[in-house]
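Heads up: the sequence shown begins at 1 in UniProt numbering, then just goes up one per residue.
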Amino acid sequence: MKAVIRILFLCGIIVFTAFGCEKDNSFINTTKNAEIIDFIPEKCYCCWGWVIKVGSDTIKV
């Protein structure tokens, strides 16, 4: 029974990591002027807590 629960748990983690995070690659290889403006130590489910300003946009990564 424990083995089945472990397999289901691992499958859930794989599905969550593959589809649970928003992936927006609009800044990749195009950003030349970005500034780290804040760090939030509490991690959300998908980001590490960095707040970055790119132009007039602010993103949390």
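The beta-carbon is built from N, C-alpha and C at its ideal position, and this holds for glycine as well.
Under the three-state DSSP convention, the category residue i falls into
| i | result |
| --- | --- |
| Val61 | coil |
| Ile37 | strand |
| Gly55 | coil |
Straight-line Cα distance separating residue j from residue i
| i | j | result |
| --- | --- | --- |
| Cys47 | Ile40 | 10 Å |
| Asn33 | Val61 | 16 Å |
| Glu35 | Gly55 | 9 Å |
| Val4 | Val51 | 39 Å |
| Ile37 | Ile7 | 41 Å |
| Gly49 | Thr58 | 13 Å |
| Met1 | Glu42 | 34 Å |
Residues that residue i bridges to, as DSSP identifies them
| i | result |
| --- | --- |
| Trp50 | Phe39 |
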